[in-house]
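Structure, as structure tokens:
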Amino acid sequence: MQPVMNPKYPGLSVRVADEGFAPYIWGSDFSFEVAAYGAAQIGKPVEQWPVTPIVPYRKCYGIDPEEFSAFHNAPDSAIFMAWLDDEPVGHLVISTNWNGFAHIDELAVHAPARRHGVAKALLDVAQFWSRKKKLPGIMLETQNNNLGACRLYERCGYVMGGIDQLRYRGIDPHTAEVALFWYRLFDNPLENPLSPTASPRLVP
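With UniProt numbering applied, the sequence shown corresponds to residues 1 to 204, in that order.
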């Protein structure tokens, strides 16, 4: 796959991950600040969710590059890296799930590189990869304390298909963290190129 360029950010490109993937992971900061928990509601925009502010703290996902070693050069999975001005700044791990959807196993952006279109570029590549495999859509999971990610997925056409209140109770019985499952469905009639109301699709 040739590098996918983003015309809005000329220095940004996405490529298949290479041998630099592990060093990039170990040298990056994927943490983000949590300042509130949202009470997610299916069918309602994120901006309309009730929000409970909290004392801010930083959350960091423990990312191990070896966890996805089998995803390289596999028929039903892939790892992509985003580059900004020749520096690796983000990655996407994607695979074919048991239910036929593409599954974004991991999407992360190095903290200093955020707000440069990196996550959007990676989501565009996820859509390109999924459509090329003729899958019906994409699914992923995030949490109700990552409201920035929820807003991003919503802007990119994802809809929430499920809420799991208990997923993280095994880790912390008193947690307020809730799992949210988002889907990008490709059978939306607004994306049908024959529809008079069709909107342009970005295909990297």
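Virtual Cβ for every residue (Gly too), placed ideally from N, Cα, C.
Inset, instruction - Could you check what DSSP says for Q165 in three-state terms: helix, strand or coil? - result: coil
Inset, instruction - Would you give the residue range spanned by the alpha helix (DSSP H) that residue 205 belongs to? - result: The structure shown has nothing for residue 205, since the chain only spans 1 to 204.
Inset, instruction - Return the chain-ordered list of same chain residues with a C-beta closer than 7 angstroms to the C-beta of V109, the five sequence neighbours on each side being excluded. - result: V89, G90, V118 and A119
Inset, instruction - Figure out for me which residue from T175, A179 and P10 has the closest Cα to the Cα of residue 205. - result: What the structure shows of the chain is the stretch from 1 to 204, and residue 205 is not part of that stretch, so it cannot be assessed.
Inset, instruction - Could you tell me the boundaries of the alpha helix (DSSP H) in which F21 lies? - result: F21 to W26
Inset, instruction - Just mark N73 as buried or exposed, buried being the case when its beta carbon has 16 or more other beta carbons within 10 Å. - result: exposed
Inset, instruction - Would you check if the stretch 92 to 112 and the stretch 136 to 146 touch, i.e. whether three or more CB-CB distances between them fall below 8 angstroms? - result: yes
Inset, instruction - State the Cα-Cα distance for the pair D64 and V125, rounded to the nearest angstrom. - result: Cα to Cα, the separation comes out at about 22 angstroms.
Inset, instruction - Specify whether the stretch 160 to 171 and the stretch 50 to 59 touch according to this definition: at least 3 beta carbon pairs, one from each stretch, less than 8 angstroms apart. - result: no
Legend entry - Buried or exposed (CB count within 10 angstroms, at least 16 for buried), A35: exposed
Legend entry - Alpha carbon of F80 to alpha carbon of D29, nearest angstrom: 18 angstroms
Inset, instruction - Answer yes or no: the CB of K44 versus the heavy atoms of the ligand MG, is any distance below 7 angstroms? - result: Absence of the ligand MG from the depicted structure is noted, as is the absence of any ligand whatsoever, leaving it without description.
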